[in-house]
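Student:
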Amino acid sequence: MSVAQVTVILPVFNGETTLARAVKSILQQTYPHWKLILLDDGSTDATLEIAHSFQDSRITVISDELHKGIVERLNQGVELADTPYIARMDADDFSLPERLEQQIHFLENTPQVDLVGTAIHLISPTGEVIGKRIFSTSHSGIVSKPWLKTISIAHPTWCGRTAWFKKWPYQDFSRNEDQELLLRAAASSTYSNLSTPLLEYTFKNNFYQNFQTRLSWLIVLVKYYLKRRKIIELFLGISVFFIKIFLDFLRKLLH
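With the numbering used here applied, the sequence shown corresponds to residues 234 to 488, in that order.
Right, here's the structure in full:
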């Protein structure tokens with residue numbers, strides 16, 4: 234068997250309904266030189282049983298029966314990775330067959346890029362395709378105006394150089410550990426996206442979860458802009474937060 238070039242990091246907590254399909258989407262990749270680290274975060278359902286059901290030497294299941302949270306598990310996976318590249322994966326999302334092949338090919342041929350994402354298909358919790366999102370492919374476009382649109386690389390599509398992940402560990406910002414990392418590393422990193430949708434992303438339109446995510450992102454922005462004394466961006470970030478919350482509330486009332 235050839236030497237693995239990319240480690241797929243998949244943290245999971247109580248993912249029994251979707252984990253099997255998520256793992257199968259990695260098994261079905263056209264790019265065979267991968268290994269999968271599946272990190273169980275103290276699941277209380279059948280997640281661990283499902284994880285151990287896959288008889289493939291490229292899959293490693295990590296479990297200590299403790300619930301430590303996604304940030305702890307992501308950093309654990311990064312620490313264990315010993316391949317040139319790392320890819321992210323969530324237990325309720327599904328990689329399309331050419332995802333890893335296209336991302337690894339891009340990174341091998343674009344050495345200045347540290348991290349590449351992809352466009353995504355949005356799917357409902359029942360698996361129905363409900364939309365598509367295509368993001369900027371340039372670093373400047375991706376990081377432009379984070380107070381307005383966040384930093385546009387979908388977390389479960391990340392694929393990057395292991396050295397970059399080890400240099401920039403995740404920090405514990407609830408619901409925004411990915412965005413905080415991207416913002417913190419942006420000035421000394423280069424990001425990109427592939428314009429082809431290569432992942433099916435499960436979209437959960439929950440008002441209260443959206444509020445918590447938006448509030449967490451606002452806290453990240455406030456800390457970031459206050460430290461750098463960027464008052465205009467701070468004001469814009471706070472204003473956009475309240476506008477988006479108001480629009481979310483209107484949509485909730487109308488539906």
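We treat Cβ as the ideally placed atom computed from N, Cα and C, and that holds for glycine. All of these numbers come straight from a predicted model, not from anything done at the bench.
Between the C-alpha atoms of Gly350 and Ser373, what's the straight-line distance to the nearest angstrom?
Tutor: Cα-Cα distance, rounded: 14 Å.
Student: By Cβ distance below 7 Å, which residues in the same chain neighbour Thr277 in space, the five residues on each side in sequence not counted?
Tutor: Here the set comprises Asn247.
Student: Work out the CA separation of Leu459 and Gln261 for me, nearest whole Å.
Tutor: Whole-angstrom Cα-Cα distance: 46 Å.
Student: Round the Cβ separation of Phe327 and Ser258 to the nearest angstrom and send it over; I've been treating them as touching at under 8 Å.
Tutor: Going by Cβ atoms, the distance from Phe327 to Ser258 rounds to 4 Å, so yes, they are a contact pair.
Student: Might you give, ordered along the chain, the residues of its own chain that have their beta carbon closer than 6 Å to the beta carbon of Leu299, omitting 5 neighbours on each side?
Tutor: These residues qualify, in order along the chain: Gly275.
Student: What does the alpha-carbon distance come out to for the pair Thr240 and His354?
Tutor: Computed Cα separation, rounded: 23 Å.
Student: DSSP three-state label for Ser215, please.
Tutor: This structure does not reach residue 215, given that the chain is present from 234 up to 488, and the question cannot be answered.
Student: If you compare alpha carbons, which of Val256, Pro330, Val245 is closest to Thr429?
Tutor: The shortest Cα separation from Thr429 among Val256, Pro330, Val245 belongs to Pro330.
Student: In the DSSP assignment, find the beta strand (DSSP E) that holds Ile353 and state where it starts and stops.
Tutor: From DSSP, the beta strand (DSSP E) with Ile353 extends over 348-356.
Student: Around the Cβ of Asp347, are there at least 16 other Cβ atoms within 10 angstroms (buried) or fewer (exposed)?
Tutor: It counts as buried.
Student: Could you pull out every unbroken beta strand (DSSP E) segment of at least 3 residues lying fully inside the region 291-373, listed in chain order?
Tutor: Counting whole runs of 3 or more residues, the region 291-373 contains the beta strand (DSSP E) stretches 292-296, 318-321, 348-356, 362-366.
Student: Relative to the alpha-carbon of Ile452, which residue among Arg321, Arg408, Glu341, Ile386 has its alpha-carbon at the smallest distance?
Tutor: Residue Arg408 is the option with its Cα nearest to Ile452.
Student: What separation, rounded to the nearest whole angstrom, lies between the Cα atoms of Lys477 and Asn443?
Tutor: Taking the straight line from one Cα to the other gives about 10 Å.
Student: Threshold first: 4 residues or longer. Then list the alpha helix (DSSP H) segments lying entirely within the region 240-282, N to C.
Tutor: You should have 252-260.
Student: Starting from Arg447, trace the alpha helix (DSSP H) in both directions and tell me its first and last residue.
Tutor: It spans 440-460 - the alpha helix (DSSP H) in which Arg447 sits, taken as one unbroken run.
Student: In this structure, does DSSP put Thr390 in helix, strand or coil?
Tutor: Thr390: helix per DSSP, three-state reduction.
Student: How would you write the range of the alpha helix (DSSP H) that Ala418 sits in, first residue to last?
Tutor: Where Ala418 is concerned, the enclosing alpha helix (DSSP H) stretches over 410-418.
Student: With respect to the alpha helix (DSSP H) encompassing Phe474, which residues constitute its N-terminal and C-terminal limits?
Tutor: Per DSSP, Phe474 belongs to the alpha helix (DSSP H) from 464-487.
Student: Helix, strand or coil, according to DSSP, for Thr423 in the structure here?
Tutor: The answer is coil: DSSP assigns Thr423 none of H, G, I, E or B.
Student: Who are the Cβ neighbours of Leu467 in its own chain at under 6 Å, not counting the five residues just before and after it?
Tutor: Once the five neighbours on either side are set aside, the close Cβ partners of Leu467 are Tyr458.
Student: Assign Thr395 to one of three DSSP states: helix, strand, or coil.
Tutor: Helix at Thr395.
Student: Between Asp405 and Gln412, what straight-line distance do the alpha-carbon atoms span, to the nearest angstrom?
Tutor: Going from the Cα of Asp405 to the Cα of Gln412 covers about 11 Å.
Student: In terms of alpha-carbon separation, which member of Lys437, Arg254, Glu305 lies closest to Ile187?
Tutor: The question about residue 187 has no answer here: the residues shown for the chain are numbered 234 through 488.
Student: Excluding the five sequence neighbours on either side, which residues of its own chain have a C-beta within less than 7 Å of the C-beta of Thr263, listed in chain order?
Tutor: Excluding residues within five positions, the ones whose Cβ falls inside 7 Å are Pro330, Glu331, Glu334.
Student: Mark His285 as exposed unless 16 or more other C-beta atoms lie within 10 angstroms of its C-beta, in which case mark it buried.
Tutor: Result: exposed.
Student: According to the neighbour-count rule (16 or more other Cβ atoms, all chains shown, within 10 Å of its Cβ), is Arg288 buried or exposed?
Tutor: Per the sequence shown, residue 288 should be read as Gln rather than Arg. With fewer than 16 other Cβ atoms within 10 Å, it is exposed.
Student: Starting from the Cα of Gly360, find the closest Cα among Val236, Gln445, Tyr434 and give me that residue.
Tutor: Comparing Cα-Cα distances from Gly360 to each of Val236, Gln445, Tyr434, the minimum goes to Tyr434.
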